[in-house]
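Student: Residue numbers (my numbering): 939 to 1038. By construction, the Cβ of each residue, glycine as well, lies at the ideal position given by its N, Cα and C atoms. Fair warning: this is a prediction, and the values are worked out from it, not measured in the lab.
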């Protein structure tokens, strides 16, 4: 694959930048690949996470597209859930954008 891009500012643009890894943004496979990558994390959170309790339900996380929201009834529970995510990221090489 010869995937490349460039940065354009006004009428100026950089030389081509070659993209050597990842899935091109907008690729039809992106959502499926992301779901496949995230499913083990969501299963781990469902099994071991400390979630938010509401009307008989326990919710640890909500995921949509490429966003993940963690939920918990307590600060300690949230810290536990974050540790699960951090361990998952360390194993898989995925990264989070917590400030987003």
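Which stretch, first to last residue, makes up the beta strand (DSSP E) that contains residue 996?
Tutor: Where residue 996 is concerned, the enclosing beta strand (DSSP E) stretches over 995 to 997.
Student: Per DSSP, what kind of secondary structure is residue 967 in: helix, strand or coil?
Tutor: Correct three-state label for residue 967: coil.
Student: Between residue 1017 and residue 1001, what straight-line distance do the alpha-carbon atoms span, to the nearest angstrom?
Tutor: If you take the alpha carbons of residue 1017 and residue 1001, they lie about 18 Å apart.
Student: Quick check: what's the CA-CA separation for residue 1004 versus residue 990?
Tutor: In a straight line, the C-alpha of residue 1004 is about 21 Å away from that of residue 990.
Student: From the DSSP secondary-structure annotation, give me the bridge partner or partners of residue 1007.
Tutor: DSSP, once it has assigned bridges, lists 1000 as partnering residue 1007.
Student: Within the chosen definition, does the stretch 1009 to 1023 reach the stretch 985 to 999 through at least 3 CB pairs nearer than 8 Å?
Tutor: Because the criterion of three Cβ pairs below 8 Å is met, the stretch 1009 to 1023 and the stretch 985 to 999 touch.
Student: Give the secondary structure of residue 1020 by DSSP, where H, G and I count as helix, E and B as strand, and everything else as coil.
Tutor: Here residue 1020 sits in helix by DSSP.
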